[in-house]
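A.B. asks: Per mature numbering (1 follows the signal peptide of the UniProt record, and there is no 0), the sequence shown runs over residues -29 to -1, 1 to 498.
The structure is given below, and queries will be raised subsequently.
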Amino acid sequence: MKQRYIFHSKIIYLFGLYACLCLTTVGHAQDNDLLDKAKELVYSDPDESIKIAEHILRTHDQLQEVSQLHLIIAQSYLVKGNMDSAIKYAFKNSNHLNSVAPALQVEHYIFKATLLRQLYLDSQSQDYVLKAKALSEKVKPAFKDPVGRLIALEQINYYVDRRLSAEAFLAINEEEKRFKSTYKASPDQKIKLYLAKVKLFNNTAAVDSAATYLHKTLSLIPNSKINNLQQKALAYKELGRINLNQKAFDDSERNFFIASRFAEIIGNVPLLLEINKYLSISYLASNKKSQHKVYNDKFMVLNTQTELIEQEAVNTFYNLITEQNEIVLHAQKQTYTNYGYILWLVVLVVVLIAVFIVFKSEARKKRLNEIINYIEITKNNFLEVKPTKKVSKKRINIPEETEKTILAKLKRFESSKRFLNKDMSLAVLAGQFETNTKYLSGVINKHYNDNFNTFINKLRINYIITKLKNDSNYINYKISFLAEESGYGSHSSFATVFKSVVGMSPVTFIKLIQEERKANQPKSKTE
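Next up, the structure:
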C-alpha cells in the first residue's frame, strides 16, 4: 500500500513538472512572437510597437532582452520623429551595454550614430561609428555581413547628408563590391542602399541616375517583408525632388502629397517639415502663389516645432551623458582609492560639458553700426532708429573660460558664411560648437542683447547689405534672389526680417543706394 502511494506521488510530481515545463515553453514562444511583432511594426505602426515592447519589458529583466527592447522602442520613437524619447531609450543602461552580445552592441552604436547625425552632432555620431567598427571584429561569423552592412550604410548616409559626394560615391562602390551577393538575396537592404544613392544623385543634380534608382527602389518595395512607411515616405519625397528638377510640377506635387500621407501616418514632424519645404518650392516654381503661401506657412510652423524637438533632444543627450559619466565616476571612486585620478576624470567630464557651450557678441554691434553709418551718409534719406530700453533679464551662470571659448567660436562663425545655411538653427549651431542650447542662447543674449533667431537674421541682413554696397550688380537683382542669397526661403520672410533690422524695406534701401551713387557721379560739362 505504501509503495503504491509513493508510486502515485512520483507520477503526480512528474506530471506537474511536465506541465510547468510546457507552460514555460509556451510562455517563451509567446514572448518571442510578441518580440517579432514589435520589430515588424517599428516602421509601419510605431505606437503599437512601443506598446508591445513596453509590455514585454514588464516581465523581463535579463540585460540582453532589455537592451533589445530598448532599441526597438528607441527606433519606433525615431520613426515618429520623437528624438527626445528616442535619445532616452537609446542611452538607457548604456553603462551596462558591454555585457550584451557584440552584434547587439553594434546595433546600439549605429542607431546612436544615426540619431546624433540627424541632430547634427557629427563628432559624437562618428565616435559611435568608430566604436561599432572596432567591435565588429568580435562579432560571430554568422553576423559579420549584417553588422558590416549596417556600419557601411550609416557611413554612406553621413556622407550623403553632409553632401560629401566624392566620399559617398567611394563608400557606395566599396559597399556594393563587398556585399554584392548579400544584396541580391535581401530586397530590404537593397532598398536602403538605393535610397541613399537616389538622395546622392538628387544632391548632385544627376536627375537621370536618381530616377533610375528611384524606380528600382519602388519596384523592390512590394517585395519587402516589412511594410516600411518611413521608407515609402522617403522614396516618394525623393521622387518629388526628381520631378521638381525635371520641372514636372504636377507630378512633383502629387508625389510630395503621397510622401506627406505616409509621414502623417507615422507622425514624423521633421520628415513632414522637409516634404512641406519642397511642396512650397514646387508651388513657387509653378507660380501657384496661393498654394505656395499655404505650404510655406505650414513649413514655418513645422520648422518651429522641429527646432524645439531638436533642442530638447540635444539637451537630453548632454544631460544623459553627464549622468552616465557621473555614474561611471562614482563606481570608479568606490573601486579605486586614487582620489587624484578620480578628480581628474571629474574635471574632464566638466570640461567636456563646457566645450558644448557657444559664444555670441561683437558682430551684432558691428553690423548695426555699419548700417546706421551707411544710413547717415545718404543725405538725410534715412529713418532714425530710436534706441529702446534694454530690459534686464536674469541670465544663467556660465563659466568665464567657457564664455570666452564661445565668444571666440562665434567670431569665427560671423566671419564665415555658415549663417547663410537655410537649415541653421539654435540646435544645429549648438551641435557644431559642441555645446548645449542654453549656454549658446545665454551667451548670445548677454553679448548681443538678442535671441538666436535675431542674431542669425542680423548676420544675414548685414551680409546682404555689404553685397548691395560693394557690388553694383546686386542692386539690379530681384528681391527673391537676395532672399535666397542671404539664406531665406521666401521673399516675404526676407522682406519682413530686413525691415525689422534696418528700419526700412529692401526696396527702399536699394533706392537710397541708387540715389547716393547717382549723387556721387561727376556732373557732365553741359549741366
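Backbone N, C-alpha and C fix where the C-beta goes; we use that ideal spot for every residue, glycine too.
From a predicted model like this one, the values you see are computed outputs, not experimental measurements.
Report yes if the CB atom of Ala167 is closer than 8 Å to the CB atom of Leu210, and no otherwise.
C.D. replies: In the sequence shown, counting from the first residue as 1, residue 167 sits at position 196. In the sequence shown, counting from the first residue as 1, residue 210 sits at position 239. No.
A.B. asks: Could you check whether Ser461 and Asn267 sit closer than 8 Å to each other, using their CB atoms as the reference points?
C.D. replies: Looking up residue 267 in the sequence shown gives position 296. Looking up residue 461 in the sequence shown gives position 490. It is a contact, given that the beta carbons lie within the stated cut-off.
A.B. asks: Measuring alpha carbon to alpha carbon, tell me which of Glu283, Asn66 and Glu147 ends up nearest Glu294.
C.D. replies: To locate residue 294, count along the sequence shown from 1; it is residue 323. Nearest C-alpha to Glu294: Asn66.
A.B. asks: Return the residue from the list Asn424, Thr467, Ser443 and Asn420 that minimises the CA-CA distance to Lys393.
C.D. replies: The residue you call residue 393 lines up with position 422 of the sequence shown. The candidate whose alpha carbon is nearest that of Lys393 is Asn424.
A.B. asks: Within this structure, are the beta carbons of Gln202 and Ile237 separated by less than 8 Å?
C.D. replies: The residue you call residue 202 lines up with position 231 of the sequence shown. The residue you call residue 237 lines up with position 266 of the sequence shown. No, the pair does not count as a contact, with Cβ atoms beyond the cut-off.
A.B. asks: Alpha carbon to alpha carbon, what distance is there between Val178 and Lys218?
C.D. replies: Your numbering for residue 218 matches position 247 in the sequence shown. Your numbering for residue 178 matches position 207 in the sequence shown. Lys218 and Val178: Cα-Cα distance of roughly 11 Å.
A.B. asks: Would you mind listing the alpha helix (DSSP H) stretches within the region 399 to 452 that are 4+ residues and don't spill past its ends, in chain order?
C.D. replies: 408 to 419 and 423 to 441
A.B. asks: For Glu224, I'd like the list of residues in its chain whose CB is within less than 6 Å of its CB, leaving aside the five on either flank, ordered along the chain.
C.D. replies: Here the question's residue 224 lines up with position 253 in the sequence shown. Once the five neighbours on either side are set aside, the close Cβ partners of Glu224 are Ser253.
A.B. asks: If you count every other CB in all the chains shown that lies within 10 Å of the CB of Pro17, and 16 or more means buried, which is it?
C.D. replies: Numbered from its first residue, the sequence shown carries residue 17 at position 46. Buried.
A.B. asks: Which residues bound the alpha helix (DSSP H) around His31?
C.D. replies: Taking the first residue of the sequence shown as position 1, residue 31 is located at position 60. Element bounds for His31: n/a, residue is neither H nor E.
A.B. asks: Do you know offhand how far Gln97's Cα is from Phe288's?
C.D. replies: For the purposes of this step, residue 97 is identified with residue 126 of the sequence shown, where counting begins at 1. For the purposes of this step, residue 288 is identified with residue 317 of the sequence shown, where counting begins at 1. Each residue's alpha carbon lies about 15 Å from the other.
A.B. asks: Of all the alpha helix (DSSP H) runs that stay within the bounds of the region 82 to 162, which reach a length of 4 or more residues?
C.D. replies: 93 to 107, 112 to 132, 136 to 149 and 151 to 156
A.B. asks: Could you pull the start and end residues of the alpha helix (DSSP H) that Gly211 belongs to?
C.D. replies: The residue labelled residue 211 in the question sits at position 240 within the sequence shown. Per DSSP, Gly211 belongs to the alpha helix (DSSP H) from Leu200 to Asn216.
A.B. asks: Taking only three categories from DSSP, how would you classify Phe220?
C.D. replies: The residue you call residue 220 lines up with position 249 of the sequence shown. In this structure, Phe220 counts as helix in the three-state DSSP scheme.
A.B. asks: Ignore the nearest five residues each way along the sequence and tell me which others in Val472's own chain have a CB closer than 7 Å to its CB.
C.D. replies: Mapped onto the sequence shown, residue 472 falls at position 501. Cβ neighbours of Val472 beyond the five flanking positions: Asn428, Lys429 and Ile432.
A.B. asks: Using a Cβ-Cβ cut-off of 6 Å (strictly less than) and excluding sequence neighbours within five positions of Lys148, which residues of its own chain qualify?
C.D. replies: On the sequence shown, residue 148 is found 177 positions in, with the first residue counted as 1. Here the set comprises nothing.
A.B. asks: Counting pairs of beta carbons, one from the region 268 to 280 and one from the region 75 to 89, are three or more of them closer than 8 Å?
C.D. replies: They do not touch, by the three-pair rule.
A.B. asks: Note down the Cα distance separating Leu483 from Ala182, rounded to an integer number of angstroms.
C.D. replies: In the sequence shown, the residue the question calls residue 483 occupies position 512. In the sequence shown, the residue the question calls residue 182 occupies position 211. The alpha-carbon atoms of Leu483 and Ala182 are separated by roughly 48 Å.
A.B. asks: Between Thr408 and the rest of its own chain, which residues show a CB-CB distance below 7 Å, the 5 nearest in sequence each way excluded?
C.D. replies: The count along the sequence shown starts at 1 and reaches residue 408 at position 437. Result list for Thr408: Gln282, Val285, Asn286, Leu397, Ala398 and Ala401, in chain order.
A.B. asks: If I measure Cβ to Cβ from Glu145 and keep anything under 6 Å in the same chain, skipping five residues before and after, which residues do I get?
C.D. replies: Within the sequence shown, residue 145 is the residue found at index 174, counting from 1. When the five nearest sequence neighbours on each side are left out, no beta carbon in the same chain lies closer than 6 Å to the beta carbon of Glu145.
A.B. asks: From this set, Tyr307, Ile127 and Leu453, which residue's C-alpha is nearest Leu141's C-alpha?
C.D. replies: Translated into positions along the sequence shown, residue 141 becomes position 170. Comparing Cα-Cα distances from Leu141 to each of Tyr307, Ile127 and Leu453, the minimum goes to Ile127.
A.B. asks: Phe26: buried (16+ other C-beta within 10 angstroms of its C-beta) or exposed?
C.D. replies: Sequence index remark: in the sequence shown, residue 26 carries index 55 (1-based). Contrary to the premise, residue 26 reads as His rather than Phe in this sequence. Answer is exposed; the Cβ neighbour count stays below 16.
A.B. asks: Could you give the uninterrupted runs of the alpha helix (DSSP H) lying entirely in the region 231 to 268, keeping only those of 4 residues or more?
C.D. replies: Whole alpha helix (DSSP H) segments, 4+ residues: 240 to 256.
A.B. asks: Would you call the CB atoms of residue 502 and Ile246 closer than 8 Å?
C.D. replies: This structure cannot settle anything about residue 502, because the visible part of the chain is limited to -29 through 498.
A.B. asks: Could you please give the first and the last residue of the uninterrupted alpha helix (DSSP H) stretch that includes Tyr184?
C.D. replies: Within the sequence shown, numbered from 1, the residue matching residue 184 stands at position 213. Its alpha helix (DSSP H) spans residues Val178 to Leu191.
A.B. asks: How big is the Cα-Cα spacing for Leu381 and Ser387?
C.D. replies: The residue you call residue 381 lines up with position 410 of the sequence shown. The residue you call residue 387 lines up with position 416 of the sequence shown. Our two residues, Leu381 and Ser387, have alpha carbons roughly 10 Å apart in a direct line.
A.B. asks: Go through its chain and collect everything with a Cβ distance to Pro73's Cβ below 6 Å, but skip five positions before and after it.
C.D. replies: Here residue 73 is taken as the residue at index 102 of the sequence shown, counted from 1. So the qualifying residues of the chain are Leu106, Lys109 and Val110.
A.B. asks: Within 10 Å of its beta-carbon, does Glu486 have 16 or more other beta-carbons around it, so buried, or fewer, so exposed?
C.D. replies: Walking along the sequence shown from the start, residue 486 turns up at place 515. That one is exposed.
A.B. asks: Let me know if Asn3 comes out buried or exposed under the rule of 16 or more other beta-carbons within 10 Å of its beta-carbon.
C.D. replies: Translated into positions along the sequence shown, residue 3 becomes position 32. So Asn3 ends up on the exposed side.
A.B. asks: Using the rule of at least 16 other Cβ atoms within 10 Å of the residue's Cβ for burial, across every protein chain shown, is Pro241 buried or exposed?
C.D. replies: Translated into positions along the sequence shown, residue 241 becomes position 270. Counting Cβ neighbours within 10 Å, Pro241 comes out buried, since at least 16 surround it.
A.B. asks: Do you know offhand how far Gly52's Cα is from Tyr165's?
C.D. replies: Within the sequence shown, numbered from 1, the residue matching residue 52 stands at position 81. Within the sequence shown, numbered from 1, the residue matching residue 165 stands at position 194. Cα to Cα, the separation comes out at about 22 Å.
A.B. asks: Would you mind reading off the limits of the alpha helix (DSSP H) that contains residue 504?
C.D. replies: Examination of residue 504 is not possible in this model, given that the chain is present from -29 through 498 alone.
A.B. asks: Indicate whether Leu391 and Tyr434 have their beta-carbon atoms separated by less than 8 Å.
C.D. replies: Along the sequence shown, one-based indexing puts residue 391 at 420. Along the sequence shown, one-based indexing puts residue 434 at 463. Yes, they are a contact pair.
A.B. asks: Could you work out which residue in Thr175, Asn174 and Tyr207 is closest to Ser190 when comparing CA atoms only?
C.D. replies: The residue you call residue 190 lines up with position 219 of the sequence shown. Nearest of Thr175, Asn174 and Tyr207 to Ser190, Cα basis: Tyr207.
A.B. asks: Would you report the Cα separation of Leu255 and Asp221, rounded to the nearest angstrom?
C.D. replies: Here residue 255 refers to the residue found at position 284 when the sequence shown is read from its first residue. Here residue 221 refers to the residue found at position 250 when the sequence shown is read from its first residue. The straight-line gap from Cα to Cα measures roughly 12 Å.
A.B. asks: In the DSSP assignment, the alpha helix (DSSP H) including Tyr459 goes from what residue to what residue?
C.D. replies: Locating residue 459 in the sequence shown gives position 488, where the first residue counts as 1. First-last for Tyr459: undefined, no H or E at that position.
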